[in-house]
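Residue numbers (my numbering): 466 to 763.
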């Protein structure tokens with residue numbers, strides 16, 4: 466609806482409603498604005514959480530390198546101890562009795578080193594296997610999603626894996642009409658297929674991000690800005706996914722990103738269309754890896 470038509474309609478409606486109704490509407494508008502601010506703060510908190518997870522992943526890689534170096538150093542120490550033990554055995558009979566106590570001590574040290582080395586090596590192997598299993602699980606998830614959403618690939622939907630996560634991008638032409646946050650019928654079908662895959666992966670956390678282009682937003686009724694629109698669209702997608710009762714609500718997070726994370730230049734119509742999108746980010750749980758790292762650091 467064009468701005469002057471909306472203003473005319475608003476003038477007509479406002480002249481017909483009581484002051485109480487108008488005040489109620491004004492209060493509801495303020496509440497929605499507070500909700501938007503709260504969602505923005507929640508988005509910042511989520512970003513910090515993801516940054517911490519990325520830092521933890523980097524710590525894991527560093528730990529693996531240090532562990533390998535430690536294993537190599539331990540092997541050198543064992544070899545040195547074994548050489549010393551061999552030299553002691555070759556000493557004269559006069560020094561045998563004197564050396565027995567020292568030899569026994571060295572043997573105990575060797576046994577302790579070997580036990581420690583085996584234990585550490587086993588933990589390193591376990592950690593590497595967990596990381597490899599996680600990569601395989603993510604790849605399998607991507608393949609299942611690609612298969613489930615195959616019919617929508619030519620309609621602004623892509624599925625890709627990067628940075629240890631699976632990203633599903635849906636252009637707004639598949640989901641929403643211009644300026645609307647009501648999911649269209651075809652979009653509902655696509656999200657229904659997505660939900661069927663998610664219900665079989667309850668350990669996956671799901672972040673739904675709304676994105677817009679950089680065209681300045683003209684206020685329309687309940688909408689105030691591109692921030693508001695992107696947030697409402699992300700929330701609408703969450704509500705569609707939750708229609709599948711097997712989806713765990715605590716695994717879903719909605720966030721509005723407005724125009725500030727573009728994937729294409731906004732200088733062309735095609736670029737702006739690509740930027741108007743919903744991104745669904747699927748992340749595996751890092752709890753087991755974190756627990757193992759903490760155990761290794763004790």
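Every residue, glycine too, gets a C-beta built ideally from N, C-alpha and C.
Looking at residue i: is its Cβ nearer than 9 Å to the Cβ of residue j?
| i | j | result |
| --- | --- | --- |
| residue 659 | residue 649 | no |
| residue 626 | residue 656 | no |
| residue 720 | residue 673 | yes |
| residue 717 | residue 707 | yes |
| residue 744 | residue 678 | no |
| residue 635 | residue 622 | yes |
| residue 637 | residue 680 | no |
| residue 746 | residue 661 | no |
| residue 628 | residue 663 | no |
| residue 687 | residue 647 | no |
| residue 617 | residue 579 | no |
| residue 504 | residue 696 | yes |
| residue 742 | residue 508 | no |
| residue 705 | residue 671 | no |
Residue i by DSSP, collapsed to three states: which one?
| i | result |
| --- | --- |
| residue 675 | strand |
| residue 748 | strand |
| residue 575 | helix |
| residue 486 | helix |
| residue 743 | strand |
| residue 718 | strand |
| residue 552 | helix |
| residue 683 | coil |
| residue 473 | Summary for residue 473: the model assigns pLDDT 45, below 50, so the residue's position carries little reliability; its value from the coordinates is reported in the next sentence. Residue 473 falls in the helix class under three-state DSSP. |
| residue 688 | strand |
| residue 479 | Residue placement at residue 479 is flagged as unreliable, the pLDDT there being 47, under the threshold of 50; a coordinate-derived value is accordingly withheld. |
| residue 468 | With a pLDDT of only 47 at residue 468, under the threshold of 50, the placement of this residue in the model should not be trusted; the figure read from the coordinates follows. Residue 468: helix per DSSP, three-state reduction. |
Rounded to whole angstroms, how far is the Cβ of residue i from the Cβ of residue j, which I believe are closer than 8 Å?
| i | j | result |
| --- | --- | --- |
| residue 749 | residue 669 | 6 Å |
| residue 699 | residue 675 | 4 Å |
| residue 606 | residue 666 | 6 Å |
The alpha helix (DSSP H) that contains residue i, what's its start and end?
| i | result |
| --- | --- |
| residue 655 | 650-663 |
| residue 696 | 691-706 |
Since residue i is in the beta strand (DSSP E), which residue starts that stretch and which ends it?
| i | result |
| --- | --- |
| residue 636 | 630-636 |
| residue 624 | 622-627 |
Could you check whether the Cβ of residue i sits closer than 8 Å to any heavy atom belonging to the ligand GDP?
| i | result |
| --- | --- |
| residue 707 | In the structure shown, the ligand GDP is absent, as is every other ligand, since no ligand is present at all. |
Touch check for the segment 562-573 and the segment 546-553: three-plus C-beta pairs under 8 Å?
yes
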